[in-house]
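A.B. asks: So the sequence shown is residues 1101 to 1396, counted in the numbering used here. Right, I'll just put the structure down here and ask away after.
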Amino acid sequence: MDIKQLKYFVTIVDSDNNLSAAAKKIHLSQPALSKMIKTFEEEENVALFVRNQGKLSSLTTVGEMFYEQALEVITTYEEMMKQLEAKNRFLKGTITIGIPPLILSLVFASFLSKFILEHPEIKINIIEEGAHELKKMLLVNEIDLAILLQPTELTSIEEHTLVEDELYAFMSINNKFAEQEFISWEELAKEPLALFNDTFMIHHLVISYFDKLNLKPTVKIQSGAWDLLLKTTFDTPFLTILPAPVKDFIQERDYKAVRMHHPLSWKVTVCRQKKKNYLNVEKFVLNSILNYFSAL
């Protein structure tokens, strides 16, 4: 396990071995969290958890030892990063980061406000565009860092995953699908859809998956504003497809988020061009982003 996965493991234990509760705390989908634990146990040929009817119930003896050691490693790591941050506190410079508006609102606003207050000598220029457009800008060095969605499919880019979740179908609370636990892609294709425009990676992920299933969706509205997409569904038959964390920002009396059969993953990554040397301010900002999200 890397330090991020160790923190995930500790969060599971601190959540009374409840994967669902832990997943919400760390902004990771429950299936991805479960897979991480299972993969580690299989690769290391060890059982960290006692399972009861498929659910985690308690730690094994080995798991208890691993938990105590994980706490020590995390404490040491965080102290080391604090010392490193103290040495870099007086860094100066400017860095340009491209962030899609939706991701900026959902997951980056708190980081940016905290970072800017703690490091007033570092100026951050924010470019708000869709992930598809930001990828192009990163490739021609118009921005230093880009917050993109996987897959980037570019060997010239170094990427680090920050948040992992899945896409949901959002709709009016009065929509005929609102009481369903899941909605199928076949059902989605038959309904009027409001989707991100083609400068956004979510647009390409969704349309590509419809193509893969040989389905022709009924896309009636395209926009770069996620709040507009959501509002088009209010008291109408329109559906929109947005990341699961949007659930935390909607009025439950007006809207409903429904999981999709075979959901598409929503993996937010921070990316930069691969090169031999980086400015100290570039390295510091990237490390600050990684440390912030690994601590969630």
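By construction, the Cβ of each residue, glycine as well, lies at the ideal position given by its N, Cα and C atoms. As the structure is a computational prediction, the values presented were derived from the model and not from experiment.
Taking the CB atoms as reference points, tell me whether LEU1330 and TYR1355 lie closer together than 8 Å.
C.D. replies: Residue numbering aside, residue 1330 sits at position 230 when the sequence shown is read from its first letter. Residue numbering aside, residue 1355 sits at position 255 when the sequence shown is read from its first letter. Yes, the pair counts as a contact, with Cβ atoms nearer than the cut-off.
A.B. asks: In the structure shown, what three-state DSSP assignment does MET1360 receive?
C.D. replies: By 1-based counting over the sequence shown, the position of residue 1360 is 260. Strand at MET1360.
A.B. asks: Identify the continuous alpha helix (DSSP H) that holds SER1085 and give its terminal residues.
C.D. replies: What is shown of the chain runs 1101 to 1396, which leaves residue 1085 out entirely.
A.B. asks: Hey, how far is the Cα of SER1205 from the Cα of HIS1127?
C.D. replies: Here residue 1205 is taken as the residue at index 105 of the sequence shown, counted from 1. Here residue 1127 is taken as the residue at index 27 of the sequence shown, counted from 1. Cα-Cα distance, rounded: 14 Å.
A.B. asks: Compute the distance between the beta-carbons of ASP1265 and PRO1200, then report whether it is under 8 Å.
C.D. replies: Stepping through the sequence shown from its first residue, residue 1265 is reached at position 165. Stepping through the sequence shown from its first residue, residue 1200 is reached at position 100. No, the pair does not count as a contact, with Cβ atoms beyond the cut-off.
A.B. asks: Write down the C-beta distance between TRP1326 and LEU1202 rounded to the nearest angstrom, noting that I regard them as a contact closer than 8 Å.
C.D. replies: Numbered from its first residue, the sequence shown carries residue 1326 at position 226. Numbered from its first residue, the sequence shown carries residue 1202 at position 102. Confirmed, Cβ separation roughly 5 Å.
A.B. asks: Determine the burial state of ILE1226: buried for a count of at least 16 other Cβ atoms within 10 Å of its Cβ, exposed for fewer.
C.D. replies: One-based indexing of the sequence shown puts residue 1226 at position 126. Exposed, by the Cβ-count rule.
A.B. asks: Can you tell me which of VAL1146, LYS1312, LEU1254, PHE1300 puts its alpha carbon nearest to the alpha carbon of GLU1164?
C.D. replies: As a working mapping, residue 1164 is identified with position 64 in the sequence shown. Comparing Cα positions, the closest option is VAL1146.
A.B. asks: Return the residue from the list LYS1125, ASP1102, ILE1103 that minimises the CA-CA distance to THR1052.
C.D. replies: No statement about residue 1052 is possible, as the shown extent of the chain runs from 1101 to 1396 and does not include it.
A.B. asks: Short check: CB of THR1252 to CB of THR1369, under 8 Å?
C.D. replies: On the sequence shown, residue 1252 is found 152 positions in, with the first residue counted as 1. On the sequence shown, residue 1369 is found 269 positions in, with the first residue counted as 1. Cβ distance < 8 Å, so THR1252 and THR1369 count as in contact.
A.B. asks: With ASN1225 as the anchor, note down where its beta strand (DSSP E) starts and where it stops.
C.D. replies: The residue labelled residue 1225 in the question sits at position 125 within the sequence shown. Residues 1222-1227.
A.B. asks: DSSP on ILE1247, reduced to helix/strand/coil?
C.D. replies: Working through the sequence shown from its first residue, we reach residue 1247 at position 147. Reduced to three states, the DSSP call for ILE1247 is strand.
A.B. asks: Determine the closest residue to PRO1220 out of GLY1230, LEU1245, THR1194, ASP1244, with distance taken between C-alpha atoms.
C.D. replies: Here residue 1220 corresponds to residue number 120 of the sequence shown, with the count starting at 1. For PRO1220, the nearest C-alpha among the options comes from THR1194.
A.B. asks: List the DSSP bridge partners of PRO1345.
C.D. replies: Counted from its first residue, the sequence shown places residue 1345 at position 245. In DSSP, PRO1345 forms no bridge with anything.
A.B. asks: Please state if the CB of ILE1197 and the CB of ILE1243 are separated by a distance shorter than 8 Å.
C.D. replies: By 1-based counting over the sequence shown, the position of residue 1243 is 143. By 1-based counting over the sequence shown, the position of residue 1197 is 97. Result yes, Cβ atoms of ILE1243 and ILE1197 sit closer than 8 Å.
A.B. asks: Where does GLU1266 sit, in a helix, a strand or coil, going by DSSP?
C.D. replies: Position 166 of the sequence shown, counted from the first residue, corresponds to residue 1266. Correct three-state label for GLU1266: strand.
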